[in-house]
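These notes concern the structure reproduced below.
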Amino acid sequence: MSIGIILHEPEQPGNTGAIGRTCICAGASLHLIRPLGFFTDEKSLKRAGLDYWPRLGTREYDSYEDFLKEHPKAKVWYVTTKAKKTIAEGDYKDGDFLMFGKESAGIPEEILAENPDSCVRIPMKAGERSLNLSNAVSIALYEALRHLDYAGLEKYGELHRLKARRL
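Going by this note's numbering, the letters in the sequence shown line up with residues 2 to 168, in that order.
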């Protein structure tokens with residue numbers, strides 16, 4: 002089952018494409034809440050070099066409320082710069098979701114105000130506004146997966162050409 006990623010009204014196809022690739026590698030699902038700042042038709046995705054997109058199995062919703070109707074028991078963690086606790090303090094469980102807002106505005110404050118105990122932040126240097134969305138998703142997703150001991154993921158690699166002992 003793993004972790005699900007929710008993007009609330011993403012605006013930049015490059016970020017969403019990078020996030021999709023991260024989701025594939027991490028075994029995570031991707032959920033997009035409209036409106037989107039780009040098209041997800043095959044022609045647009047191929048132009049962006051996202052030939053792996055069909056393997057992702059992305060879901061789209063007309064609104065956050067529609068997402069909640071379809072996932073009524075979902076535990077959602079809201080990743081925001083406005084949170085009082087860090088991503089390390091989340092109590093992540095298999096099947097939880099991490100939600101991120103659009104690049105220009107983040108998650109709507111109305112949603113954050115309704116869920117203050119589920120808001121987490123990525124620590125940053127004081128005075129800095131935010132990280133790039135695809136980087137933030139990668140950081141938070143792998144922190145949540147660390148809490149799950151990277152269940153279902155290949156933890157160790159090996160050299161291919163030299164076949165040496167594990168580094």
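All C-beta atoms, glycine included, are put in the ideal place defined by N, C-alpha and C. Quick caveat, the model's predicted, so the values are computed rather than measured.
Contact between residue 113 and residue 83 holds, with the beta-carbon distance rounding to 6 Å and staying under 8 Å. In this structure residue 6 is in contact with residue 29, their Cβ atoms being roughly 5 Å apart against a cut-off of 8 Å. Excluding residues up to 5 positions away in sequence, 4, 5, 6, 7, 32, 72, 75, 76, 77 and 78 lie with their Cβ nearer than 8 Å to the Cβ of residue 98 in the same chain. Rounded to the nearest whole angstrom, the CA to CA distance from residue 21 to residue 34 is 14 Å.
With a cutoff of 8 Å on beta-carbon distance, residue 9 and residue 140 are scored as not near each other.
Annotation: the stretch 8 to 42 contains the following complete segments of the alpha helix (DSSP H) (minimum length 4 residues), in chain order: 14 to 27. Here DSSP, grouped into helix, strand and coil, assigns residue 61 to strand. In the structure shown, residue 70 adopts helical secondary structure according to DSSP, grouped into three states.
In the three-state reduction of the DSSP assignment, residue 162 falls in the coil class.
The beta-carbon distance between residue 27 and residue 142, rounded to whole angstroms, is 6 Å. This is short enough to meet the 8 Å contact definition. Relative to residue 125, the option among 115, 136, 117 and 116 whose CA is nearest is 136. Assignment of beta-bridge partners to residue 103 by DSSP yields 107. Here residue 102 is buried, its C-beta having at least 16 other C-beta atoms within 10 Å. Under the DSSP assignment, residue 122 falls in the beta strand (DSSP E) whose first and last residues are 120 to 122.
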